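The numbering of the sequence shown is the UniProt record's numbering, which starts it at 1 and goes up by one. Using N, Cα and C, we set each Cβ at its ideal position, and we do this for glycine too. Keep in mind it's a predicted model, so treat the numbers as computed, not measured.
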Amino acid sequence: MILANEKIELDNKLAEWLPGTGTWKICWRGTEHGWAAPTFHEKCNEKKTSLVIVKVVKGGKSLIFGGYCTGTWTGKSVQQATKPLLEKIEALEAELTNVRVQANKNEQYSRKYSLRIVGLNENDGENCVGEVIKLCKEKLNVNVDERDIDRAHRLGPKALSGR
Numbered sequence: 001m002i003l004a005n006e007k008i009e010l011d012n013k014l015a016e017w018l019p020g021t022g023t024w025k026i027c028w029r030g031t032e033h034g035w036a037a038p039t040f041h042e043k044c045n046e047k048k049t050s051l052v053i054v055k056v057v058k059g060g061k062s063l064i065f066g067g068y069c070t071g072t073w074t075g076k077s078v079q080q081a082t083k084p085l086l087e088k089i090e091a092l093e094a095e096l097t098n099v100r101v102q103a104n105k106n107e108q109y110s111r112k113y114s115l116r117i118v119g120l121n122e123n124d125g126e127n128c129v130g131e132v133i134k135l136c137k138e139k140l141n142v143n144v145d146e147r148d149i150d151r152a153h154r155l156g157p158k159a160l161s162g163r
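See the structure below:
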């Protein structure tokens, strides 16, 4: 059980989480009754208004989650209780897919006017924007103004003997 000092701690926590729901008692515990689903249903199916608390230890971290059912644990009421949750999960998954697609589009758009220059020697205390303007003017015979450059920076670690 997640709550060690069971009766007092359990009653206090449930009263805090689910005020006005009455008295609670444990109908099934995996560590006592076994983890098989049929055992769970044998002990809990006819019980109305139930709370399931699950604790999983993974990678040294404790994850606690659960569910609250106002009906019994028989097929139809569980399906009715979980249908809105499943619909919400599906909607959130679709939204997440859309967000990922949009994030990718935004990232691609932000690179639309990017230019990578390779082989430009590195100087101590250099102004990257100034170096790009100088390169454009001297090597490409193109006049570029500081306002034409959104940002300029070096990639990778600083070279020991220049790039």
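Going by alpha carbons, who is nearest to residue i out of the options?
i    : options                  : result
I133 : E122, G20, D145 and G125 : D145
R154 : A37, Y68, D148 and V129  : V129
C69  : K47, A36 and Q102        : K47
G20  : T49, G119 and N141       : T49
S114 : A152, E138 and N127      : A152
Kindly give me the distance between the Cβ atoms of residue i and residue j, rounded to whole angstroms, as I take these residues to be in contact under 8 Å.
i    : j    : result
E131 : K158 : Wrong, their Cβ atoms sit about 14 Å apart, outside the cutoff.
Beta carbon of residue i, beta carbon of residue j: below 8 Å?
i    : j    : result
F40  : W24  : no
N45  : W73  : yes
I117 : L135 : yes
Start and end of the beta strand (DSSP E) containing residue i?
i    : result
I64  : K61 to C69
S114 : Per DSSP, S114 belongs to no beta strand (DSSP E) and is neither H nor E.
V142 : V142 -> no beta strand (DSSP E), and no H or E assigned at all.
I56  : One point to set straight first is that residue 56 is Val, not Ile, in the sequence displayed. That run of the beta strand (DSSP E) goes S50 to K58.
How far does the alpha helix (DSSP H) with residue i in it reach, from first residue to last?
i    : result
K43  : A37 to C44
V129 : C128 to K139
G30  : G30 to H33
So does the stretch 49 to 58 actually touch the stretch 80 to 100, counting three or more Cβ pairs closer than 8 Å?
no
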